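Heads up, the thing below is written out as structure tokens.
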Amino acid sequence: MKKRIVWLVALAATAAVAQQPAPVSVEALKDGVYWVKGGAGANTGFIIGKTEVLVIDAKTTAESARAMLAEIGKLTALPVKQVVLTHSDGDHVGGLSGLPAGLTIVAHANTRRDMEEALKDPKMSALQAYLPTEVVTGDRRLKFDGPRVNLLYFGAAHTAGDLVVHLPQQRIAFVGDLVFVGRDPLIHRRKGGTSFGLVKYLNQLLKVDADTFITGHSDPLTKADIKTAVASIEERQAKVKGLIAQGKSLEEIRAAFGLTAAAGQPARRFPSLVEIIYQELTEKK
Ligand SMILES: [Zn+2]
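Here the sequence shown stands for residues 0 to 284, where the numbers follow numbering that gives the first Met the number 0.
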């Protein structure tokens, strides 16, 4: 009996370890620009300026955001004064409450709107003190005492509030969740996202003077990776359009893409790209 209990405890410990995210770690890109992997939530970034540090996105939990601050503290004694949010998803903004109070928080107006909406859930109340303090609705140069930072906005895509943080001199762009690798893009229709908007957005991104693209959930990407992502979305859009023109139902279209869930499989957390495209093409304008 005793042996069995020991084994069960060991098993529980293994399960707990398996759920732990990888520790937060930092990779230098160029000229004081860094990207941050690990912790709970999406990749983030930071830029060490002359008198201040700018952070891009905040991970999911206050704990992971504090772990990121600790990593920044190993590289510089300068204070973090500003955060730019690439969009409003929890894995990018949930950790804001782990950052110092009184920060300048910059986001697109639609991201602030989404965050205000999220505050209706009492579980999110820690974000009340961390709503964006400066909203952007189009391209703008950020006030920052360091390398030039441009904020770019090309319309609704993953959400209606996706901002790109572009460093033209370093040829680096932080693009949040505009590009996924090895999986379909997520489109949050509830937040105004659209697959056709995403293709437009990515085609604009391809014209931006940059060769390193930092995303929320992949290794750094190149323009070739973005082109591949665009082609794969466009291919799906064309196929869904063709099937709708043939009078196929959503069920038949799902089956054509092999998306029919096997019995007993859990439901997907988010609708597939094919379903999103179908909804976009069939909704009444
Ligand atoms: Zn996202």
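Cβ atoms here follow ideal geometry from the backbone N, Cα and C, with glycine treated the same way. Just so it is clear, the structure is predicted and the values come from calculations on it, not from any experiment.
Of the other Cβ atoms in all chains shown, 16 or more fall within 10 Å of the Cβ of A106; this residue is therefore buried.
Here F195 carries a helix assignment [DSSP, helix/strand/coil]. With respect to the C-alpha of R170, the residue from G246, S217, S63 and L204 having the closest C-alpha is L204. Here K80 has E51, V52, L53, L102 and T103 as same chain residues with Cβ atoms under 8 Å from its own Cβ, once five neighbours each way along the sequence are excluded. Following the DSSP letters along the chain, one finds K29 inside the beta strand (DSSP E) bounded by residues S24 to K29.
The nearest non-hydrogen atom of ligand 1 is 6 Å or more from the C-beta of D183. CA-CA distance, L280 to D183, rounds to 18 Å. Measuring C-alpha to C-alpha distances from L249 to each of A228, Q19 and L272 identifies L272 as the nearest.
Remark: C-beta atoms of I55 and G31 do not approach each other more closely than 7 Å. At least one heavy atom of ligand 1 lies less than 6 Å from the C-beta of D88. Rounded to whole angstroms, the Cβ separation of A209 and A172 is 4 Å, and the two are in contact under 8 Å.
Rounded to whole angstroms, the Cβ separation of V178 and I225 is 6 Å, and the two are in contact under 8 Å.
Taking non-hydrogen atoms of ligand 1 into account, the C-beta of D176 is found less than 6 Å away from one of them. Annotated three-state conformation of E274 is helix, per DSSP. In the three-state DSSP reduction, H107 falls in the strand class (E or B). For V134, the closest C-alpha among the options R253, G241 and G160 is that of G160. Its chain contains S96 as the residues whose beta carbon lies nearer than 6 Å to that of A125, once the 5 sequence neighbours on both sides are disregarded; these appear in chain order.
Judged by beta-carbon spacing, A57 lies within the 7 Å limit of G94, meaning their Cβ atoms are closer than that value.
The residue among K222, Y200 and L166 with its C-alpha nearest the C-alpha of Y33 is L166. By the Cβ-count criterion, D113 is buried, with 16 or more other Cβ atoms from all chains shown falling within 10 Å of its own Cβ. DSSP places K142 in the coil class of the three-state scheme, outside both helix and strand. Rounded to the nearest whole angstrom, the C-alpha separation of V25 and T75 is 13 Å. Q203 sits in a helix when the DSSP states are folded into three classes. I47: member of the beta strand (DSSP E) spanning T43 to I47, first to last residue. Look at Q245 here: in three-state DSSP terms it is coil, with no helix or strand label. Here D176 is buried, its C-beta having at least 16 other C-beta atoms within 10 Å.
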